[in-house]
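Undergrad: Numbering-wise (our numbering), the sequence shown opens with residue 13 and increments by one.
The following block contains the structure, expressed as C-alpha cells.
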Amino acid sequence: MAEVEISIEPKVREHVREIFNKRAIVSTNPTPRGRQVIDTFHRFAGIERLKEKPVGEFHDDQWLLIAKAETEGLIQVELGLPPTVVQENVIQEFEAAYLSDGVSHFAGLWNEQRRTILRAAIASRLLPTMHKETRLLLTGRAKAFVSEQCALSLWKHVSVAPFDVRAKGAGGAEGGEGWAEPWLRVMACCWGPGNPATTFAMLNAAGEMVDFIHTGFLCARTGQPKGDTGMGGGGGGEKGEQQVMVMKKREDEKRLMSFVKEHKPHVVVVGGANLACERLKDEIWEVIFKIVEHFPRDLTSDVDNVRVVFQDETFALLYENSAISLEHLPSQPGIVRRTVGLGRYMQNRLALTACLFGPAREILSAKFHRSQDLLPPDDVYDALERVMVTVTNQVGVDVNYAAQEAQDWLFSPLQFVCGLGPRKASTLKVRILGEGVVRRRKDLIDPPFLLDQVVFINAAAFIRVRGQDDMLDDSRIHPADYRLALKVATDGYCEAHRGMTPESVEERGIDVVVEARDNPDLIRRLDFEDYAVMLARKGQGGLKEKLLLIRRELMHGFAECRTQFESLNADEQFWLLSGETEESLAIGKVVTVSVKRVLKFKVLCALESGVLGEVDRRDFSDDPNVELRDVVTEGQPLTCRIKEVKKEEAKVILTCKGSDLRSTEWREMRQWDPYYQRAAVEQEEQAAQEERKKREEDKRKSAFRPRMITYPLFQNVSLDGAKKALADKEIGSVVIRPSSRGPTHLSVTMKLPDGAFTHIDVHEGGKDRTSATSFLRLGRTLSIADESFEDLDEVMARYIEPLAAFIRDMAAYRKFRAGSKADMDALVRADKEREPARIPYYLSISHDHPGAFMLTYIRSASVSGRPVHEYITVSPVGFRFRKHTFPTPDRLVKYFQAHFNDPVDAGDGGGGGGGGMGGKRETPRRGGAAAGASGHGSGFSGSGLPLPPPPPVPVGGRGGRWDQAGSGEVDQELHSEDECDVKGIIALGSSD
C-alpha cells in the first residue's frame, strides 16, 4: 500500500516526470533481420543505431520512424534513465526525504523497510509509468511535426495566386475597380501514351471547357529531331510507315494551330507527367512560333505574349478520379477530366483543391510528407483542412461570380468559410443558384438564404458580394464594422476636401467608399496612429488592427494577398518531369538501369523513370582493358551506383565498377544524426565483406568445368565432392577430377591417414588451341613436375600407386600415431616422464603440410626437454629424410637412430624440399639450395613454396637410450622448437 501511495502522489510524479523529460535517453539497435534489410538508403537508415540520444532532442519525425521500425521487428528500442541518474537523482533524493534520521536499531530496521518500498515504487511503478508517458509524448510531438509539414506543403500549393501575365504587384489585375472579374483563358495539355492520346482542352475565364482535341501523333518521332539522342522510341521503320507517321504528325500540328488561333489562350499549361513532356512543350512552342510568324493578325493584343508553362499534375490526377469530376464532366473520358482539372488549377488552385475535400477525401491520396503514412488519416485531413480554412477566409469566396457562370466548382471553397462547413455551404449554394445573385451581405440572413444569425456573424466578412450596391460588401470588412469604415472614409474625404464636413457629405449623397476606392490617397493621408488614439479617448480602444484592415480594404477591396505565380526553375522542372526525388537519386544510391546504346567509350542507359544515365568506360569495370561492346548489349540490365546528378541535362552519371559497388565511402555523403553509431556500422560492414570474400573463395575453390574424360577413377566433381567420395575409402585411394587451374590441368585427390587429403597437379600437354572441345578432352601428354607420362594408366602405375603404397606402409608402422602436432608433443612428454632414460619418438601425418610425415622426439635427457620435430616427405621411390631416400619406415628409423648425432647443415633439412611435382625446382629464401635428389621430387605437389631447412644440430653432450628400438647417444639438448621447425619441405596439398 505504501508503494502504491508513493507512486500515485502528484508531487512525486511531477518530480520524476521532470527528471525523465530532461535526462531520459533513447538507444536503438538493429535486429538480425534489420541488419539484412536496412542499408544506407533504406527508409530507416540513420535511426537503427542511435546511442543515448536525449528525448529532448527529438524534434522531427524520427520517433515515428523508430516506432514503425520497432513494430516491423527491424530494431530494438531502449528508452529510460541512465542507471547513474536513477541512483543519484531519484533514489538518493527520495531516500533523503523519506528515511528516518534515527540511529536506533529499530530505526535502522524501519529504514530498510522504507528503502525497499521506495525502490519497488520507483522500479515497478514510477519508471514504467514515465516510460509510457514519454513514448506518448514523443509520438505526439512527432505527429504534430508531420501534420505541420503536411499543412505547410499544402499551403505552398494553395496560397499561390492565379497565373496573371499582367500582374505587377500584390493586387494583380484585380486590385482596381468594381467588377474586375476573372479574365484568364487557359489551354491545358496532358500527355498521353497513345491510348489515351495527348489531349488539349480550352477553358474560358470561368473554367468552363469550351472545346478539346486529341493529338496522338504530335510528339511522334519522324526522323532524327533536333536534340534527339536516338535513345527513345520511334524512327527506323518502313519507309511507307515513316511517311504515314509524318503525315499524321503534320495533321496534328495543323489541328493544334487552328485550335490556338480559334480560342486565343493567354497561357498554355502542360502537365509535367514525365520527361516526354519536355518534347511536348517544344512541339507546342513550334506551333505558336508558326502562328506568330505566319498569322500574326489572328492573335489579339491581350494574347500576343502567350506563355507555355509546366505544372504539377498531382491535383489534376486526383480530380480526374474524384466523384465530383464525374458530376462536373459526366460524359468526358478520364484524360479530358484531368486536362480540365489542370487548367482550373492554373486559374484558381484554391477552388480546384477544395473539390478534393469531398466525402471520399481524395486529397489524402496526395503525398505531402515522407512520414504521412505513419499518421492516422484523420490527423492529416484535419491539418490540411485548417490550411484550407485559413486560405479561403483570407481570399474570400465570390458567390455572385460563381452563380453568374453557374460553375459548381467555384463554390467548392464555400465549405471552408468560417461558420459554414460542407452541409451549410451546400444548402447556401443551392439557394444562391436558385436566386441567381446576392445583392447585399445582410440579405443572407433573410429569405431565401436564411442563414442563422450566429452563422452569419462568423461568415459574413469572407463571403464576397461584388457588382452590387454596397462596395463594402466587396471587402474583408465585417458588416458590424461598416459604420466605422464609413466614418474613416468620410474623415479621409473631408481631410482631402477642406471645408467639407460629414454632414455636408451626407447631404450631398457622396459615396465616400467609392471615392476612397477610386482615389486611395484619400485614405492613405490619414494618420491611423492618431486616429486610434482619438477613438480610444472616446471609449473605443483596441481598434488599431481593425483600423489598419479597414484602411487596406477601403483602398483595395479583397486585394490579392497570395504569392504571385512563378514558373518552375530548372531544378523544380527536373524533379517534376522525372518523378524522382532527392532521396531516390541520392548520390551513392544503387539503382538498376536498362542499357539503351553501347558506344566505344561509354554506355548510355535509362532509369525506370526515363532519366538518362551514362556510364563512362573508366567507371564500367575495374579491368581497364575491358571492351564495352564485348560485354554489354542493348536491353541488358545493369546494377549501378549514382555518382552525379546533372539536372540541367536531365541525366545521371553512374558507375558499375565492382569496387565502387562494394565501397562504403558513399555512406560518408549522408547527413547522419550526431548520436548515430557509425563505427559499429563500419565494423559490421567490414565483417560482412570478409564473410562475403570467404564465401566467394569457397565458391571459387568448388567451381570447376566438366571434362569429357572416360576413366574409372575420373569424376566430374569439385574438391568437396572428391573428399566426400573418398570419405569411406581406404588410405591411398584417389579421385581424378577437373582442376581449378583450368582445362590444361587435372587434380588427383588422395586420401591420407588421420582424415587428411593431398592434391597432385597433373599438367596436360598437346592441346589444340583452335578447338574448344580439345580443352574438354584429356591431353596427349601428361606430366607431374619433371616426369612425363603417356596416359592416366601410366600415371597411376608409375606414380600414384607406388606413392599410395608408401603412405599405407607408414600408416601401418608401429610407431605411427594419429593426431595433431600438440597430440604428438603430449605423447612424447608422457613417455619421457614414465621413462626418463629413454628417448621417445613417434611418427604422424603433418596437418600443417599435408603429404608430409612428422617425426616427433625429445633429445634432452631432462624430463622437461622440449619436443623436436623433423619432417619426412614421400615420393614414388620412397621416404625422403635428411637428403636420403628409404624404402621402408623401419629403414628410415634405423638410419635416424644410427645418425642421430650427425650434423644437419643448412642444405640437409629433415624434409628435404625438392622441386615438387608440377613445377620447376625453387631455391629457398634462406638456408641454401633446395634439397632432394629424387627425380620424382619429395612431395605430392609443387604448388607450395619450398621452405628453408632447419639449422645444424650441435654434436656432443649427454645421451640416453632409444625408446624400444636400437641405441644411440644424445650429445646435446636441442635448442628451441622454433629452431627445428620445418623449413625445407614443400607445403603439400595446396595445388587445388
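Built from N, CA and C at the ideal position, the CB exists for glycine as well.
This structure is a prediction, so every number in the text was calculated from the model and none was measured.
With respect to the alpha helix (DSSP H) encompassing His169, which residues constitute its N-terminal and C-terminal limits?
TA: Counting from 1 along the sequence shown, the entry for residue 169 is found at position 157. From DSSP, the alpha helix (DSSP H) with His169 extends over 139–170.
Undergrad: Would you give the residue range spanned by the beta strand (DSSP E) that Gln254 belongs to?
TA: In the sequence shown, residue 254 corresponds to position 242, counting from 1. Not the beta strand (DSSP E): Gln254 falls in the alpha helix (DSSP H), residues 251–275.
Undergrad: Answer yes or no: do Phe175 and Val279 have a C-beta to C-beta separation smaller than 7 Å?
TA: Here the question's residue 175 lines up with position 163 in the sequence shown. Here the question's residue 279 lines up with position 267 in the sequence shown. Cβ distance < 7 Å, so Phe175 and Val279 count as in contact.
Undergrad: Considering only DSSP beta bridges, list what Thr227 is partnered with.
TA: The residue you call residue 227 lines up with position 215 of the sequence shown. Thr210, per the DSSP bridge assignment.
Undergrad: State the Cα-Cα distance for the pair Ala473 and Arg536, rounded to the nearest angstrom.
TA: Numbered from its first residue, the sequence shown carries residue 473 at position 461. Numbered from its first residue, the sequence shown carries residue 536 at position 524. Taking the straight line from one Cα to the other gives about 22 Å.
Undergrad: According to DSSP, is Leu456 helix, strand or coil?
TA: Here the question's residue 456 lines up with position 444 in the sequence shown. In the structure shown, Leu456 sits in a helix (DSSP, three-state: H, G or I).
Undergrad: Out of Leu396, Phe369, Pro388, state which residue places its alpha-carbon closest to the alpha-carbon of Asp380.
TA: The residue given as residue 380 occupies position 368 in the sequence shown. Reading off the sequence, residue 380 comes out as Phe, not Asp. Minimum Cα distance to Phe380 is reached at Leu396.
Undergrad: For Glu709, which three-state DSSP category applies?
TA: Position 697 of the sequence shown, counted from the first residue, corresponds to residue 709. Three-state result, Glu709: helix.
Undergrad: How would you call Met720, buried or exposed, if buried means at least 16 neighbouring beta carbons within 10 angstroms?
TA: Sequence index remark: in the sequence shown, residue 720 carries index 708 (1-based). The residue in question, Met720, is exposed, as its Cβ has fewer than 16 Cβ neighbours within 10 Å.
Undergrad: On a CA-only basis, which of Ala363, Pro42, Val607 is nearest Ala328? Give me that one, please.
TA: Reading the sequence shown from its first residue, position 316 is the one you call residue 328. Answer by Cα proximity: Ala363.
Undergrad: Cα separation between Phe726 and Pro649?
TA: Here residue 726 refers to the residue found at position 714 when the sequence shown is read from its first residue. Here residue 649 refers to the residue found at position 637 when the sequence shown is read from its first residue. Roughly 40 Å separates the two Cα atoms.
Undergrad: Among Glu697, Arg291, Val729, which one has its Cα closest to the Cα of Gln48?
TA: For this step, residue 48 is matched to residue 36 along the sequence shown. Per the Cα distances, Glu697.
Undergrad: By DSSP, does Thr897 sit in helix, in strand, or in coil?
TA: Here residue 897 refers to the residue found at position 885 when the sequence shown is read from its first residue. Three-state result, Thr897: strand.
Undergrad: Here's the rule I'm using: 16 or more other beta-carbon atoms within 10 Å means buried, otherwise exposed. How should Leu673 be labelled?
TA: Taking the first residue of the sequence shown as position 1, residue 673 is located at position 661. By the neighbour-count rule (16 or more Cβ atoms within 10 Å), Leu673 is not buried but exposed.
Undergrad: Go through the region 73–128 residue by residue and report every complete run of the beta strand (DSSP E) that reaches 3 residues or more, in order.
TA: Taking only runs of at least 3 residues, the beta strand (DSSP E) segments lying wholly in the region 73–128 are 87–92.
Undergrad: Between the region 550–560 and the region 522–530, do three or more beta carbon pairs fall short of 8 Å?
TA: Verdict: no, contact absent.
Undergrad: Per DSSP, what are the beta-bridge partners of Ile37 in this structure?
TA: The residue labelled residue 37 in the question sits at position 25 within the sequence shown. BP columns for Ile37 point to Pro66, Gly92.
Undergrad: If we count Cβ pairs, one from each stretch, closer than 8 Å, do we get three or more for the region 825–842 versus the region 852–863?
TA: Segments in contact, yes.
Undergrad: Under the rule that 16 or more other beta-carbon atoms within 10 Å means buried, what is Ser800, buried or exposed?
TA: As a working note, residue 800 is residue 788 in the sequence shown. Ser800 comes out exposed.
Undergrad: For Thr575, report the span of its alpha helix (DSSP H) as first-last.
TA: Taking the sequence shown and counting its residues from 1, one reaches residue 575 at position 563. Run containing Thr575: none; DSSP gives neither H nor E here.
Undergrad: Evaluate Asp805 with the Cβ neighbour count: other Cβ atoms within 10 Å of its Cβ, from every protein chain shown; 16 or more gives buried, anything less gives exposed.
TA: Walking along the sequence shown from the start, residue 805 turns up at place 793. Answer is exposed; the Cβ neighbour count stays below 16.
Undergrad: Just verifying my parser: in three-state terms, what is the DSSP assignment at Arg319?
TA: Position 307 of the sequence shown, counting from 1, holds the residue named residue 319. It is a strand residue.
Undergrad: Would you kindly check if the distance between the Cβ of Ile37 and the Cβ of Glu69 is under 7 Å?
TA: Locating residue 69 in the sequence shown gives position 57, counting from the first residue. Locating residue 37 in the sequence shown gives position 25, counting from the first residue. Not in contact: Glu69 and Ile37 (Cβ atoms no closer than 7 Å).
Undergrad: Could you check how far apart the C-beta atoms of Ala154 and Trp75 are, in whole angstroms? I think they sit under 8 Å.
TA: Position 142 of the sequence shown, counted from the start, is the residue given in the question as residue 154. Position 63 of the sequence shown, counted from the start, is the residue given in the question as residue 75. Contact flag correct, Cβ pair sits at about 4 Å.
Undergrad: Could I get the ranges of all uninterrupted beta strand (DSSP E) runs contained in the region 714–781, with 3 residues as the minimum, in chain order?
TA: Listed in chain order, the complete beta strand (DSSP E) runs (minimum 3 residues) inside the region 714–781 are 746–750, 757–763, 769–777.
Undergrad: Just to confirm my understanding: we take Lys583, look at its own chain, exclude 5 residues before and 5 after, and list those with CB closer than 6 Å. What are they?
TA: Numbered from its first residue, the sequence shown carries residue 583 at position 571. Note that residue 583 corresponds to Asp in the displayed sequence, not to Lys. Result list for Asp583: Lys659, in chain order.
Undergrad: Is the region 575–595 touching the region 488–500, taking contact as three or more C-beta pairs under 8 Å?
TA: No contact exists between the region 575–595 and the region 488–500.
Undergrad: With distances taken between CB atoms, is the gap from Thr756 to His771 smaller than 7 Å?
TA: The count along the sequence shown starts at 1 and reaches residue 756 at position 744. The count along the sequence shown starts at 1 and reaches residue 771 at position 759. Not closer than 7 Å, so no.
Undergrad: Locate the beta strand (DSSP E) running through Trp203, then write down its first and last residues.
TA: Your numbering for residue 203 matches position 191 in the sequence shown. Looking at the DSSP string, the run of the beta strand (DSSP E) that includes Trp203 is 198–205.
Undergrad: CA-CA distance, Phe586 and Asn286?
TA: Within the sequence shown, the letter at position 574 stands for residue 586. Within the sequence shown, the letter at position 274 stands for residue 286. Using only the alpha carbons, I get a separation of about 10 Å.
Undergrad: Tell me the rounded alpha-carbon separation between Gly733 and Glu84.
TA: Residue numbering aside, residue 733 sits at position 721 when the sequence shown is read from its first letter. Residue numbering aside, residue 84 sits at position 72 when the sequence shown is read from its first letter. So the two alpha carbons sit approximately 41 Å from each other.
Undergrad: Does DSSP put Thr43 in a helix, in a strand, or in coil?
TA: Counting from one through the sequence shown, the residue named residue 43 turns up at place 31. In the structure shown, Thr43 sits in coil (DSSP, three-state: anything other than H, G, I, E or B).
Undergrad: Measure the beta-carbon distance from Arg488 to Leu561 and round it to whole angstroms, keeping in mind my assumption that it falls under 8 Å.
TA: Translated into the one-based positions of the sequence shown, residue 488 becomes position 476. Translated into the one-based positions of the sequence shown, residue 561 becomes position 549. That pair is a contact at about 7 Å.
Undergrad: What do you get for His911, buried or exposed, if any count of 16 or more other CB atoms within 10 angstroms of its CB means buried?
TA: Sequence index remark: in the sequence shown, residue 911 carries index 899 (1-based). With fewer than 16 Cβ atoms within 10 Å of its Cβ, His911 is classed as exposed.
Undergrad: Please return the same chain residues whose Cβ sits closer than 6 Å to the Cβ of Leu790, not counting the five positions on each side in sequence.
TA: For the purposes of this step, residue 790 is taken as the residue at position 778 of the sequence shown. The answer, listed in chain order, is Ile721.
Undergrad: Taking DSSP as the reference, what is the three-state secondary structure of His881?
TA: Counted from its first residue, the sequence shown places residue 881 at position 869. Note: His881 maps to strand in three-state DSSP.
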